[in-house]
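K.L.:
In the UniProt record's numbering, the protein residues as written are 1 to 987.
C-beta atoms are modelled at their ideal positions from N, C-alpha and C, and glycine is treated no differently.
For clarity, every value in this text was computed on a predicted model and none was experimentally measured.
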Amino acid sequence: MTKGVLLPRATSPFSSSTITHWRTTKPSVPFMHNRCIIATQPPVPCFLHDFSKVLSRTTCSSSRRTNSNSLSHPSRVSLAKAVSINTNISNYCTHSAEEFCSSKRRSRGPVMAAKKAAEGVAQEDGKYKHTVDLPKTTFGMRANSSQREPELQKIWDENQVLKNIADKNTGGNFILHDGPPYANGDLHIGHALNKILKDIINRYKLLQNYKVHFVPGWDCHGLPIELKVLQSLDQEARNNLTPLKLRAKATKFAKETVKNQMSSFKRYGVWADWSNPYLTLDPEYEAAQIEVFGEMVLKGYIYRGRKPVHWSPSSQTALAEAELEYPEGHVSRSIYAVFRVVSAPLVPNDLLHEFPNLCIAVWTTTPWTIPANAAVAINPKLEYAVVEVESLDECASSSGENRKKKFGNILKDEKIPCLIVASELVSRLEAKWGVKLVIKRRVLGSDLENYRYIHPVDNRECPVVVGGDYITTETGTGLVHTAPGHGQEDYVTGQKYGLPILSPVDEHGIFTEEAGQFSGLDVLGEGNTAVVKYLDENLSLILEESYEHKYPYDWRTKKPTIFRATEQWFASVEGFRDAAMGAIGHVKWVPAQGENRISAMTSNRSDWCISRQRTWGVPIPVFYHLQSREPLMNKETINHVKSIIAQKGSDAWWYMTVEDLLPTKYRDRAAEYEKGTDTMDVWFDSGSSWASVLRKRDCLSFPADLYLEGTDQHRGWFQSSLLTSVATTGKAPYSSVITHGFVLDEKGLKMSKSLGNVVDPRSVIEGGKNQKESPAYGADVLRLWVSSVDYTGDVMIGSQILRQMSEIYRKLRGSLRYLLANLHDWKADYTVSYHQLPRIDKHALYQLENVVKTIQGNYENYQFFKIFQILQRFVIVDLSNFYFDVAKDRLYVGGSTSYTRRSCQTVLAAHLLSIVRLIAPILPHLSEDVWQNLPFQYTTEYGSVAKYVFEAKWPALNEKWLDIPVEEIEFWGKILEVLSLSLYIYI
1 MTKGVLLPRA TSPFSSSTIT HWRTTKPSVP FMHNRCIIAT QPPVPCFLHD
51 FSKVLSRTTC SSSRRTNSNS LSHPSRVSLA KAVSINTNIS NYCTHSAEEF
101 CSSKRRSRGP VMAAKKAAEG VAQEDGKYKH TVDLPKTTFG MRANSSQREP
151 ELQKIWDENQ VLKNIADKNT GGNFILHDGP PYANGDLHIG HALNKILKDI
201 INRYKLLQNY KVHFVPGWDC HGLPIELKVL QSLDQEARNN LTPLKLRAKA
251 TKFAKETVKN QMSSFKRYGV WADWSNPYLT LDPEYEAAQI EVFGEMVLKG
301 YIYRGRKPVH WSPSSQTALA EAELEYPEGH VSRSIYAVFR VVSAPLVPND
351 LLHEFPNLCI AVWTTTPWTI PANAAVAINP KLEYAVVEVE SLDECASSSG
401 ENRKKKFGNI LKDEKIPCLI VASELVSRLE AKWGVKLVIK RRVLGSDLEN
451 YRYIHPVDNR ECPVVVGGDY ITTETGTGLV HTAPGHGQED YVTGQKYGLP
501 ILSPVDEHGI FTEEAGQFSG LDVLGEGNTA VVKYLDENLS LILEESYEHK
551 YPYDWRTKKP TIFRATEQWF ASVEGFRDAA MGAIGHVKWV PAQGENRISA
601 MTSNRSDWCI SRQRTWGVPI PVFYHLQSRE PLMNKETINH VKSIIAQKGS
651 DAWWYMTVED LLPTKYRDRA AEYEKGTDTM DVWFDSGSSW ASVLRKRDCL
701 SFPADLYLEG TDQHRGWFQS SLLTSVATTG KAPYSSVITH GFVLDEKGLK
751 MSKSLGNVVD PRSVIEGGKN QKESPAYGAD VLRLWVSSVD YTGDVMIGSQ
801 ILRQMSEIYR KLRGSLRYLL ANLHDWKADY TVSYHQLPRI DKHALYQLEN
851 VVKTIQGNYE NYQFFKIFQI LQRFVIVDLS NFYFDVAKDR LYVGGSTSYT
901 RRSCQTVLAA HLLSIVRLIA PILPHLSEDV WQNLPFQYTT EYGSVAKYVF
951 EAKWPALNEK WLDIPVEEIE FWGKILEVLS LSLYIYI
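(1) Would you mind sorting V331 into buried or exposed? The rule is 16 or more other CB atoms within 10 Å of its CB.
(2) Judging by CA-CA distance, which residue of N861, C359 and Y942 is the nearest neighbour of T170?
(3) Bridge partners for H625 per DSSP, in chain order?
(4) Sorted by chain position, which residues of the same chain lie with C-beta nearer than 6 angstroms to D780's C-beta, five sequence neighbours on each side aside?
(5) Measure the Cβ-Cβ separation of A254 and L281 and say whether it is below 8 angstroms.
(6) Using the Cα positions of S61 and P965, report the straight-line distance between them to the nearest angstrom.
(7) Skipping 5 residues on each side, what residues in its chain have a beta carbon closer than 6 angstroms to that of V389?
(8) Considering just the uninterrupted stretch of the beta strand (DSSP E) at I420, what are its terminal residues?
(9) In the DSSP assignment, find the unbroken alpha helix (DSSP H) run with W931 in it and report its ends.
(10) Count the other C-beta atoms from every protein chain shown that fall within 10 angstroms of the C-beta of Y326, then say buried if there are 16 or more, exposed otherwise.
(11) Excluding sequence positions up to five away, which residues of its chain have a Cβ less than 6 angstroms from the Cβ of F971?
(12) If I measure Cβ to Cβ from T657 and keep anything under 8 angstroms in the same chain, skipping five residues before and after, which residues do I get?
(13) Does I89 come out as helix, strand or coil in the three-state DSSP assignment?
(14) Can you find the residues in the same chain that come closer than 8 angstroms, C-beta to C-beta, to H843, ignoring five residues on each side of it along the sequence?
(15) If we count the other Cβ atoms within 10 Å of its Cβ and call it buried at 16 or more, is K974 buried or exposed?
(16) Ends of the alpha helix (DSSP H) at S725?
(17) What span of residues does the beta strand (DSSP E) with R441 cover, start to end?
(18) Could you tell me the alpha carbon to alpha carbon distance between L425 and W363, rounded to whole angstroms?
(19) Can you give the beta carbon distance from V573 to D607, rounded, assuming they're within the 8 angstroms contact cut?
(20) Give the C-beta separation of N184 and T251 to the nearest angstrom, bearing in mind that I take them to be a contact with Cβ-Cβ under 8 angstroms.
(21) For C359, write down the residues that DSSP places opposite it in a beta bridge.
(22) Using a Cβ-Cβ cut-off of 7 angstroms (strictly less than) and excluding sequence neighbours within five positions of G793, which residues of its own chain qualify?
(23) DSSP three-state label for K307, please.
(24) Using only alpha-carbon positions, find the residue among V309, S314 and A515 that is nearest to A372.
(25) Three-state secondary structure (DSSP) at A82?
(26) Inspect the beta-carbon positions of P456 and S546 and report whether they are closer than 8 angstroms.
(27) Could you tell me whether the Cβ atoms of A600 and L723 are closer together than 8 angstroms?
(28) So, W311 versus L162, is the Cβ gap smaller than 8 angstroms?
(29) Is it buried or exposed for P345, if we count other Cβ within 10 angstroms and need 16 for buried?
(30) N850: buried (16+ other C-beta within 10 angstroms of its C-beta) or exposed?
(31) Please list, in chain order, all residues of the same chain as L626 whose beta carbon is under 8 angstroms from its beta carbon, the five residues on each side excluded.
(32) Is L543 closer than 8 angstroms to F339 when the C-beta atoms are compared?
(33) Expressed to the nearest angstrom, what Euclidean distance is found between the alpha-carbon atoms of V54 and L823?
(34) Locate the alpha helix (DSSP H) running through K769, then write down its first and last residues.
(35) Kindly list the residues whose CB is nearer than 8 angstroms to the CB of A704, restricted to its own chain and excluding five residues on each side of it in sequence; keep chain order.
(36) Skipping 5 residues on each side, what residues in its chain have a beta carbon closer than 8 angstroms to that of Y834?
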């Protein structure tokens, strides 16, 4: 760079020296010193002299019009620097162009002042004050978010800003129904992402004149809270814990947690009806839930049956699919076992005549279910082979004796039986077993139906049956060990053949006496080992090996589950599946692939197990006959229980007698019945919120306009809400559904305390213990991060990302401060009419209007990350680096009331009033802070003064600003390109 040339900063409308200077009450040198030429000045390119003349033109003659979709001028390098070179642009101030041709005149004042100051010569106080209009504002450059954000939130609360705006808005209702988080602990960064996304949408709808009513909710029942209570008690206290005492403690814990979580949500800047949230433990909510359950009962969708369900031994309760997780790295003990064939159907050429020593080979990853075996299932379309085990690979056998693979004793026997396996798997089994398998006969699977074999444990005869498409040749032998009491597909096959439903396992996952010699053993531990050992000792085991696969775990206790047949209450999804699939197609899904996800889950879903063997929850309102065990549950009994719960809450089910809980019609027979002890699945609780909240509150409506939750809720709240709503009303409870991904660390890893990569939203806002490493960024920086990510996939956050967000926030705040400071003497009466504006100002308004229009479209499509990108480029780069920079002459030395200054202020006022509303949904604290520091009043189109930014509504579309010739856009594009190139070459 040429020595002596001082170029302005391109990253901010102010340099640090400038900011310090205009804070001074009595400046001794002009503000222009930051941009003046200190020593030598490079030759001004000829095109800039022509550019100066062009700027003075105020009208355009071309009749060709522009395409309003053009957002901004092409990218360029350091435009502020380029523009600063040319200081003789006549249209920027009240002085003539000739007066500014001399760099000496331009720089003399500040240079001489600086020289005198260096020589210690006293200067006349305020000597240049009357010649310069310096920026003035009370709006600080530092956000001071720890203090200022709570102050603004207090102003909103005390003045009931949300309620007043929503009540005054004249548009229709907008209902975003809140999915209830569990009230069982502190909030994490995923909660922050979720609630802030909701708040951005609600605040935007408020600006769009909608009546927004956002009722926050909490899920207060279920095992998560019950476990928290139990963990807080010692063993003696647990032993003395009655159901009512447990429920009282759970209620207290849940309400305290709700209070803490609510405080955190408020600190995020989330607007909601915090005084009237919905809690699933509220009596009116529970009563509405009972009503939904009753409607499903009366329509025949609820039934009781004994069938296998996901069972958690660690929680001693049944679980729904949504309560499971499938962690990586689970390893099961899989086995290849053989069952001896003893009879065949009366058909010619049956296999037993040809192969009297014949066995069926099966494979399973749950050896503990072998005692409950009732059949072996085959695929009727597959080809099977009778194979002879001819030789043994000694090397493979000996090398396999380790913890991952162990060969059974049957392979060491002199008379190894012939085996039936799928033909396609012969070569694969040879390699795995270390043997030579010679095919002796081939048969279709359908020919094997009704063969019978001896059960390997209790010597029962069991049949070979036809299974379904779940029998493949991907793994195993092509023949499936079938235990109807321990598997859903097994159960379905068993129902078809009338097989016994054996499940010799108790609620703790321990073998019962029905399991004979294995009684008392843990099925997932010693019991599993004992079964494998027994099979091997009785020459029924070919191979045992470790098998890594996905296996269901209890998402609360983080321990493995089992399939166990028990008496449970179910919702027959099959009864309304088609209606549910049809309803899915009428919903708008964002992103679009969400429809495919929930469609697949709904179409393949089995009946919903809705009963839980826990105390803390809403009771299933059923009475059982003491002798016959027949359930009593009809319209009268359900309605009577509902009315009691509406008044007294669900605790009444535990402290009231059967006689009091039964309607008058049945009280004389109360002694013949007892109350059921099962509670409802918590997904039924939250899945009934559309009925308990949307249909019960006057300010809300059904269906909701929008549901917004994490992508895991396709099998959770989205689905349970869909099923209960379709079953009772025939339609989905939502018109649109948005899903977001999970939050990962900066490396894309899942957050965990063990890795030390957890980002606590509270620490982001208030700062950590070490303020240097974890500074307090405030809620708006956290919200800015939310707007910056494409939430439709997994998103990342960390210290480096937060620093970047903080820097962008700082620059945005600086740009808004520049606008405020240069409008300190502005009044709406000073507005220069559009046709009188210079071409540069018209182009600036054209850019602004394009930005407003584009950002509005992105809000409507919920694409907030695009808004973030546009704002960052437009406000921080385009405005700050170009327009703000070239405007300084007009603003500071153009004359307080001059046309050039007023025309520039007209544009600045338009930008300030628009930008502050564009960012308001995302950065409400910053926008409100700006609004409270406005040096002038803003009057709405209805004639009222907007005291708060959200009272100002969304900027109205100004088509006139978009209506400029194409040549004008092209001209400014070329000017900016040339300026960039000129400076680049010069430097």
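P.N.:
In short:
(1) Counting from 1 along the sequence shown, the entry for residue 331 is found at position 331. Exposed, by the Cβ-count rule.
(2) As a working mapping, residue 170 is identified with position 170 in the sequence shown. It is Y942.
(3) By one-based count along the sequence shown, residue 625 stands at place 625. According to DSSP, which records beta bridges pairwise, H625 is partnered with Y673.
(4) Reading the sequence shown from its first residue, position 780 is the one you call residue 780. Answer for D780: L923, H925 and L926, listed in chain order.
(5) For the purposes of this step, residue 254 is taken as the residue at position 254 of the sequence shown. For the purposes of this step, residue 281 is taken as the residue at position 281 of the sequence shown. L281 is positioned such that its CB atom lies closer than 8 angstroms to that of A254.
(6) If you number the sequence shown from 1, residue 61 lands on position 61. If you number the sequence shown from 1, residue 965 lands on position 965. Because the pLDDT at S61 is just 35, under 50, the model does not fix this residue reliably, and the point stays unresolved.
(7) Translated into the one-based positions of the sequence shown, residue 389 becomes position 389. Excluding five sequence positions before and after V389, the CB atoms of its chain that fall closer than 6 angstroms to its own CB belong to I416 and V435, given in chain order.
(8) Working through the sequence shown from its first residue, we reach residue 420 at position 420. Residues C418 to A422.
(9) Walking along the sequence shown from the start, residue 931 turns up at place 931. P924 to Q932 is the span of the alpha helix (DSSP H), which, as asked, contains W931.
(10) Your numbering for residue 326 matches position 326 in the sequence shown. Burial call: exposed.
(11) Here residue 971 is taken as the residue at index 971 of the sequence shown, counted from 1. Cβ within range, chain order: n/a, list empty.
(12) Position 657 of the sequence shown holds residue 657. Excluding positions up to five away in sequence, the list reads A670.
(13) Along the sequence shown, one-based indexing puts residue 89 at 89. Residue placement at I89 is poorly supported in this model, since its pLDDT is 36, which falls under 50; the coordinates are not used for a value here.
(14) Here residue 843 is taken as the residue at index 843 of the sequence shown, counted from 1. Apart from the 5 residues on each side of it in sequence, H843 sits with its Cβ closer than 8 angstroms to the Cβ of I964, E968, I969 and W972 in its chain, given in chain order.
(15) Position 974 of the sequence shown, counting from 1, holds the residue named residue 974. Label assigned to K974: exposed.
(16) Numbered from its first residue, the sequence shown carries residue 725 at position 725. Residues W717 to T729.
(17) To locate residue 441, count along the sequence shown from 1; it is residue 441. Segment V435 to L444, the beta strand (DSSP E) holding R441.
(18) By 1-based counting over the sequence shown, the position of residue 425 is 425. By 1-based counting over the sequence shown, the position of residue 363 is 363. In a straight line, the C-alpha of L425 is about 12 angstroms away from that of W363.
(19) Stepping through the sequence shown from its first residue, residue 573 is reached at position 573. Stepping through the sequence shown from its first residue, residue 607 is reached at position 607. Going by Cβ atoms, the distance from V573 to D607 rounds to 5 angstroms, so yes, they are a contact pair.
(20) Along the sequence shown, one-based indexing puts residue 184 at 184. Along the sequence shown, one-based indexing puts residue 251 at 251. About 13 angstroms separates the two Cβ atoms, so there is no contact after all.
(21) Translated into positions along the sequence shown, residue 359 becomes position 359. C359 is bridged to R340 and L419.
(22) Taking the sequence shown and counting its residues from 1, the one referred to as residue 793 is at position 793. Excluding sequence neighbours, G793 sits near G741.
(23) One-based indexing of the sequence shown puts residue 307 at position 307. Note: K307 maps to strand in three-state DSSP.
(24) On the sequence shown, position 372 is the one that residue 372 refers to. Ranking V309, S314 and A515 by Cα distance to A372 puts A515 first.
(25) Translated into the one-based positions of the sequence shown, residue 82 becomes position 82. Per-residue confidence for A82 stands at a pLDDT of 37, beneath the threshold of 50, marking its modelled position as unreliable; the derived number appears in the next sentence. The three-state secondary structure of A82, taken from DSSP, is helix.
(26) In the sequence shown, residue 456 corresponds to position 456, counting from 1. In the sequence shown, residue 546 corresponds to position 546, counting from 1. No, they are not a contact pair.
(27) Here residue 600 corresponds to residue number 600 of the sequence shown, with the count starting at 1. Here residue 723 corresponds to residue number 723 of the sequence shown, with the count starting at 1. Result no, Cβ atoms of A600 and L723 do not sit closer than 8 angstroms.
(28) By 1-based counting over the sequence shown, the position of residue 311 is 311. By 1-based counting over the sequence shown, the position of residue 162 is 162. For W311 and L162, no; Cβs fall outside 8 angstroms.
(29) Stepping through the sequence shown from its first residue, residue 345 is reached at position 345. Burial call: exposed.
(30) Here residue 850 corresponds to residue number 850 of the sequence shown, with the count starting at 1. With 16 or more Cβ atoms within 10 Å of its Cβ, N850 is classed as buried.
(31) As a first step, residue 626 is located in the sequence shown; it is residue number 626 there, counting from the start. Residues E672, Y673 and E674 of the same chain have their beta carbon placed closer than 8 angstroms to that of L626, with the five preceding and five following residues left out of the count.
(32) For the purposes of this step, residue 339 is identified with residue 339 of the sequence shown, where counting begins at 1. For the purposes of this step, residue 543 is identified with residue 543 of the sequence shown, where counting begins at 1. The answer is no: Cβ separation not under 8 angstroms.
(33) The residue you call residue 54 lines up with position 54 of the sequence shown. The residue you call residue 823 lines up with position 823 of the sequence shown. With a pLDDT of only 45 at V54, under 50, the local geometry of the prediction cannot be trusted, and no value is derived from it.
(34) Here residue 769 is taken as the residue at index 769 of the sequence shown, counted from 1. Note, K769: premise wrong, no alpha helix (DSSP H); not H, not E.
(35) As a first step, residue 704 is located in the sequence shown; it is residue number 704 there, counting from the start. I175, L176, H177, W690, L694, P733, Y734 and S735.
(36) Stepping through the sequence shown from its first residue, residue 834 is reached at position 834. Spatial neighbours of Y834 in its own chain (CB-CB distance under 8 angstroms, excluding positions within 5 residues in sequence) are listed in chain order as K842, L845, K960 and W961.
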